[in-house]
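First comes the structure, then the notes that go with it.
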Amino acid sequence: MKKRFFSFTIFILLIAIFTSIQIKLKAAVIYSDNNLGSYEMTTRVEFNQLGTNTTHFLDLGNTMKSGVLYSQQVNVLTQKQTADSKVVTWAIGGQTDFTRRTIIGIAQDYEKHHPDWIVVGGINADQYATNFGENLGASGSDYYYPQPYYPMICDGEGWFAIGPLANGSSDVAGFLQDGSKDPIFNGKAKANNTGSIKFAGLFLSIYDEAGNKTHEYKVEHYNTVPKDDETTIYSSYYQKDETNSQVFPTMDINGNLFIIEDAERAYPSNSITYRYKGDNAANAFFGKGIITSQATAATLDKGQFAIDTRNVEVEAALAIGKKVVVQYKYEGVLADVESAIGFHTIQRMDGKDVIDGDTTTAYNTRQYPRSLFGRKSNGDISLIIIDGVYANSGSYGTSTDETNAVLKYYGLVEAYQMDGGGSATAMIRNADGQLVIKNKPSDGSARSVFSALLFVERKNPEVSIKTEITENTISFNATLGNTYNKEVADIVLVFNDKEYIMEDGKYMVTGLRQGREYNYQIFVQDRDGNRWATNAKGLIGTLKNVPILEACSYNNNVYTLTFNDPNSTISDVYLEVGVGKYRPEGNIIQVAEYDERAVLVYTYNIGRGDVTIRVPYPEYTVTRFINEIFSNVNNLIKPLFK
């Protein structure tokens, strides 16, 4: 027990050293391309390995602006993009609306909808409308809220392919996840198709019961009566009543209708009828659900939409019970991305700082908390949060030039700025498996935001094990559970830093020392040698020596016991005398008075669970009685472990 405690203590101390002690570094000073901002990292407060392909740094440093040094705190998360690790966008969407949460809440909602994946880190994402009104720019208000300022795609679904600024600021970046060194594609997605990213149109997709897409058709109209061979989608949308309050009126329709009466998602986020938007008024809709009825007339309410078709091919593909998705889709590479997010400005491109917009505006020149994402030259994606002064974090926040110096220091050759200020939040999954906030948000705590950029990793394969233990051997029998779509060619046992291929999941480790504990972990690997840790790991020990009571003496109500217990297997020992329990101090047990009904009780564990021995005292003289107890106890124990 002493040796184990000592080793455990050393382990804890090493953990403390590598996760808590600040490392002072003298790094090079990096300047923005225009030399108006600089950054020097001075202290690495934390380094965390998050999953297999994701890392996290918490750094302190100094930026320079106009010849003055400012202290900064920077969180940097970086991930290699693979089939098992990726960056995703997410927001908490219900049937008709979205809910703001902290990024921890958003991460938990992502995991609820993606049980094969685990969130290892993330940051807040796009700016968002916060209330009902008609001035998105000045007051963050819109008829449909909350919603992002810019386009957003989640799970390959264009929830906001057209944003509230439909023909204005519609900057969007998609994550290609193609294994390349240039996995981000950006552009302007304007509803009038004057941007660099073009719209292919509004599409109706039809799925079978297994979730496979069977048909896809272009939809000609939205909330307009179709002509021959045409199809339209009907959905009501938010409006303003006479008291300037938000309302969702019903819509009466007629036609050859296939109706989704209880949609999974129905998001009418913009409308060409919104006069207050001016040029940014455009139809925007995402719908998903199962056709529940067919009719020639209907009244649509919130959470409902309908398909009206005069096309015989489309009509033949539709039926009650069919699952459908209606969405606006892009042309080109963004047509098939899983995730895309809007951004405020481009900061770096092709390894150079970028002037994106008016750099003299207060948002760009003032020091401010920043939320950023980008890529390194090898294709790894980084998420970065720079804290601001408001949280009393010792960080001042950065101007555009200082921000570019920070991005340059951490090796980002392409970078984008999202929603900064009080929304800027960084999160990781810590060693205890808990999602925690790592920066100091300027509000003093994490703000409820609309969306997040998350680093996720596919869960590791699950293994259940059975073991058989002797004094010198440990046998493992591993059974695969959920592999989470990972190919498994071999099961590998790593035992005491040595590797063993398990035949049919079985392996016996021999030649071990009695009463010693060993570290083990079970991995799986594919035919190419790619390896993943499973949930099966820990400490396991060989059987220990059975404790032996070697001597006892009694004098004036004092019992002196001598156990031979080299492996510290005894966890408890006491003497029951009447209604009292007397435990030893050292090897001495002192009782108030002798009672021949006394019972000696002790518990030990040699590796097969607790064993408790209870021996009633025989009615002899005290000395003979004690000596015979110990003789009887040893005779009882020995046959159990032959």
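With positions in the sequence shown counted from 1, the corresponding number in this note's numbering is that position plus 18. Every residue, glycine too, gets a C-beta built ideally from N, C-alpha and C. Every value quoted in this text rests on a predicted model; they were computed, and no experiment measured them.
- A Cβ-Cβ separation of about 14 Å leaves Leu390 out of contact with Phe473 under the 8 Å criterion.
- DSSP places Glu227 in the coil class of the three-state scheme, outside both helix and strand.
- DSSP lists Arg476 as the bridge partner or partners of Trp135.
- Counting of Cβ neighbours within 10 angstroms places Asp590 among the exposed residues, the total staying below 16.
- Within the same chain, Cβ atoms closer than 6 Å to the Cβ of Gly273 are found at Asp326, the five residues on either side in sequence being excluded.
- In the displayed model, Asp419 falls within a helix according to three-state DSSP.
- Taking all protein chains shown into account, Arg545 has fewer than 16 neighbouring C-beta atoms within 10 Å of its C-beta and is therefore exposed.
- Put simply, of Ile251, Ala228, Lys320, Met526 the residue whose alpha carbon is nearest the alpha carbon of Glu486 is Met526.
- Residue range 330-335 is occupied by the alpha helix (DSSP H) that includes Val332.
- A distance below 9 Å separates the beta carbons of Ser469 and Asp144.
- Residues Gln113, Thr114, Asp280, Ala281, Ala284 of the same chain have their beta carbon placed closer than 7 Å to that of Gly321, with the five preceding and five following residues left out of the count.
- In the DSSP assignment, Gly556 falls within the beta strand (DSSP E) that extends over 549-559.
- According to the DSSP assignment, Ala156 belongs to the alpha helix (DSSP H) that extends over 154-157.
- Apart from the 5 residues on each side of it in sequence, Thr501 sits with its Cβ closer than 6 Å to the Cβ of Pro479 in its chain, given in chain order.
- Among the bridge pairs identified by DSSP, Met526 is matched with Ser493.
- Of Ser198, Asn185, Phe193, Asn563, the smallest CA-CA separation from Ala207 is found for Asn185.
- Of the candidates Pro201, Ala507, Gly523, Pro244, the residue whose Cα lies closest to the Cα of Ile483 is Gly523.
- Val351 and Lys477 have their C-alpha atoms roughly 28 Å apart.
- Note on the segment 388-467: whole beta strand (DSSP E) runs with a minimum of 3 residues are 388-394, 399-404, 430-435, 444-447, 453-455, in chain order.
- Taking one beta carbon from each stretch, the segment 353-364 and the segment 163-173 have 3 or more pairs nearer than 8 Å; the two touch.
- Excluding residues up to 5 positions away in sequence, Tyr592 lie with their Cβ nearer than 6 Å to the Cβ of Arg601 in the same chain.
- Collapsing the DSSP output to three states places Tyr240 in a strand.
- Counting C-beta pairs closer than 8 Å gives fewer than three between the segment 528-535 and the segment 547-556, which falls short of the contact rule.
- Short of 7 Å from the beta carbon of Tyr292, and not among the five residues preceding or following it, lie these beta carbons of its own chain, in chain order: Tyr161, Ala299.
- Of the candidates Gly69, Ser159, Pro201, Asn457, the residue whose Cα lies closest to the Cα of Glu432 is Pro201.
- In this structure Ala324 does not touch Ile290 by the C-beta definition: roughly 18 Å separates them, more than the 8 Å allowed.
- The alpha-carbon separation between Asn241 and Ile251 amounts to approximately 6 Å.
- Each of Val467, Val512, Arg632 was checked against the Cα of Arg118, and the nearest Cα belongs to Val467.
- Linking Leu222 to Val454 through their CA atoms gives a straight-line distance of about 40 Å.
- Within the model, the alpha-carbon separation for Pro244 versus Lys426 is close to 53 Å.
- DSSP, reduced to helix, strand and coil, places Leu567 within a strand of the structure shown.
- If you look at Tyr167, you'll find it isn't in any beta strand (DSSP E); DSSP assigns it neither H nor E.
- Within the segment 264-309, complete beta strand (DSSP E) segments of at least 3 residues are found at 269-278, 283-288, 302-308, given in chain order.
- For Val512, same chain residues with a beta-carbon under 6 Å away, outside a window of 5 residues either side, are Gln539 in chain order.
- By the Cβ neighbour-count rule, Lys456 is buried, with 16 or more other Cβ atoms within 10 Å of its own.
- Thr100 places its beta carbon 9 Å or farther from that of His74.
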